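Each residue of the sequence shown is one higher than the one before, counting from 37 in the working numbering.
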Amino acid sequence: MQSFLNLFVENIDHGKCDTTEQILNEESDGFIKGYFKARGMVEYFQEQEIFLSEKFSQNDQPTRKLEGNEMKYSSRNVYTFVPIPSSDYSNFDYDVESSISYIDTFPLVFDKFNECLLKIYDFTTDLSECVNSLETKSREILSNNVKSSRSLSCFHIQAAINDIKINELIEVLSVVEIQEISDSESGFGMVWHLDNSELNTHKGNMKRRLVLHVVSFKRISNFSPVICPEICFNGYLGEFNSPLKTSELLQKMVEYKCPDLKDISSLYSAMVEYVSNELCYGNRLLSEYILMSICHRRKLDLDTEIEGVTNPPQVVLHISMCNKEFSKRLYSFFQSHLPRMFWIGADVSNLNNSDITPYFDVESDKFVTGALQIPLLRNLIVVDETSLEEGQLSAKGIENISNLSSLTNFGYVNYNFTNYQVPIRTESNYIILTTGEKSVFSGQSDIKIPLEICDNNTISDLKLTHETNALSQYETYISSNLRLYLSIVGSCVESFEFDEQTKDFIAETFVNIRQKPSFAKLIHPSTLHIWIMLSRTQALMND
């Protein structure tokens, strides 16, 4: 008996992990020996496929032959798969630890093909985000369930339900197939022939398709290519830590990476001071809010209504009175210290001419992505209005402004289909930059802080023990520590909770403030939610 699952087992047992070079150099179509790991975003779903999963030969059991079923068909889910959007590591300043391994080659491979498809099976295993090695864990599962005397149905029961969502970030372990297809048969190749017989296809404009048959996968909603063996931290695994574990990691960071500091509180002060002097012209308050905007977690409830009040409000930091120089500094700073971010230039030309909203093209029968197709979880989105000038908006420009406003105010974007729109949520934090006091996209609950240049720039308490090339060493040293610090705090999945006494004090204080006429119109109920969410983040960073 030949089966598709056997193909997975053979390729896993083959033991060759890095098939990147083979994929790049392969000119013919077909399967490649070995397996391939890729990190990316699920862009869109396609129709479910029927495929030939098992083929029985004359040597198989007589009972099977008497049934008259020589072939068995099953179904599989199909998705389009793309590299993680806005994830350019060429500008990410790696330190020694993080540059050793964990290099994702999928973007390089993806550029060589017209499209990439994920194919998910009923035996595809949904692994925990804490799993370090997909291949090791998958080999263990396959060995225990396929090579044992237990039936394949037992293996199906153990596999998790593969409820993959659009815009989810995942890491997959897969068997690679390369297909060459023409435009007229883009849906062809749904059935794999186990006897390797070739399909008779119509020759036209040929396209190359990369197909990843997924053995196992894990979700990577938040990750950073920062690894610090000294404190046993691996940001590449993604988020999995509790507040207690995060506090332990930060304490270890103080002990092993920043021995000149006393505790986590002094580490937090050093990070704030560095960002203040390096980026915010000495404005410490703005520095603190930028750090909280990066690290804050606004957990998304996907089961609520789109405009329901049960979801917490958006956290939007509105930096007013900006100039283009600050905008450039902020962009460069984020590129050097964050694994990914979304930077949207909100000028008239870009708004009028860019297809930033995802839509379905009826003529080509394809889904077309846009800049507003944001991963499902853990994003930082910067809307830059410093280049916004006077001008007339087109219909597309008005639509783009509407969707950007929906994103920053309600956390969703309307994807356009033929006769309807589909609101797609995202969990994101936002920073809006404006040259004046007002913003086109901000709401009433936004945190607005003007960019004020302070004269009291000081040197951080985080000092070097060596005096040679002190300035250059200091910048490299503290910049590396900031990346590690942000990665540790960002790996926390649970909220820092307040005790009942603190909650009662917060509620009483808020009611007293709201009763004052001068504050009644400035502070809204959503403001309290934002204060609580940010204070939790600040407590996590400064505990």
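Heads up, the beta-carbon is just placed ideally off N, CA and C, and yes, glycines get one too.
Small disclaimer: the values here were computed from a predicted structure and weren't measured.
Item	Value
Ranges of the alpha helix (DSSP H) found wholly within the stretch 427–497, counting only runs of at least 4	431–446
Reduced DSSP category for residue 261 - H, G, I as helix; E, B as strand; rest coil	coil
Three CB pairs or more closer than 8 Å across the stretch 372–388 and the stretch 416–434	yes
Nonlocal neighbours in the same chain, by C-beta distance under 6 Å from residue 354, ignoring five residues either side	468, 475, 478, 482 and 484
Sub-8 Å separation of residue 143 and residue 411 beta-carbons	no
Contact set for residue 573: own chain, Cβ-Cβ below 6 Å, skip 5 residues either direction	328, 331 and 332
Residue 563 to residue 350 span [Cα, whole Å]	10 Å
7 Å CB neighbourhood of residue 325 in its chain, flanking five on each side removed	353, 483 and 485
Closer than 7 Å: residue 329 CB and nearest the ligand COA heavy atom	No copy of the ligand COA appears in this structure; indeed no ligand is present at all.
According to DSSP, residues forming a beta bridge with residue 109	88
Bridge-paired residues (DSSP) for residue 354	468 and 484
Residue 80, enclosing beta strand (DSSP E) - first and last residue	72–81
Cβ-based burial, residue 470 [other Cβ within 10 Å; buried from 16]	buried
Proximity of residue 214 and residue 66 at Cβ, strictly below 8 Å	yes
Residues near residue 260 in its chain [Cβ-Cβ closer than 6 Å; skip 5 each side]	271, 375 and 523
Under 8 Å between C-beta atoms of residue 490 and residue 278	no
Sub-8 Å separation of residue 255 and residue 171 beta-carbons	no
Beta strand (DSSP E) segment containing residue 24, residue limits	Because the chain in this structure spans residues 37 to 579, residue 24 falls outside the shown range and cannot be described.
Segment contact, 8 Å Cβ cut-off, at least three pairs: the stretch 283–290 with the stretch 441–455	no
Check whether residue 245 and residue 154 have beta carbons under 8 Å apart	no
Contact set for residue 136: own chain, Cβ-Cβ below 6 Å, skip 5 residues either direction	Legend: pLDDT at residue 136 = 43, less than 50; position of this residue unreliable, value from coordinates given subsequently. Excluding positions up to five away in sequence, the list is empty.
8 Å Cβ cutoff met for residue 123 and residue 108	no
Spatial distance of residue 586 from residue 86 (CA atoms)	Absent from the structure is residue 586, since the part of the chain shown begins at 37 and ends at 579.
Cβ separation of residue 262 and residue 75, assumed to be a contact under 8 Å, to the nearest whole Å	The Cβ separation is near 15 Å, so there is no contact.
Spatially closest choice to residue 19 from 395, 511 and 488, by CA coordinates	The chain is shown from 37 up to 579; residue 19 falls before or after that span and cannot be answered.
With 16 other Cβ atoms within 10 Å as the buried cut-off, status of residue 296	exposed
Nearest-angstrom beta carbon gap, residue 72 and residue 162 [assumed within contact, 8 Å]	That belief does not hold up - the Cβ atoms of residue 162 and residue 72 are roughly 18 Å apart, past 8 Å.
CB of residue 378 within 8 Å of CB of residue 434, strictly	no
Residue 550 and residue 542 closer than 8 Å at C-beta	no
Inter-residue CB distance, residue 452 and residue 393 (contact presumed, cutoff 8 Å)	6 Å
N-terminal and C-terminal residue of the beta strand (DSSP E) that residue 69 is part of	Premise fails: residue 69 is in no beta strand (DSSP E) and is neither H nor E.
Cβ separation of residue 119 and residue 81, assumed to be a contact under 8 Å, to the nearest whole Å	That pair is no contact at about 18 Å.
Residue 360, enclosing alpha helix (DSSP H) - first and last residue	360–373
Residue(s) in a DSSP beta bridge with residue 397	402
For residue 380 and residue 540, the rounded distance between their alpha carbons	40 Å
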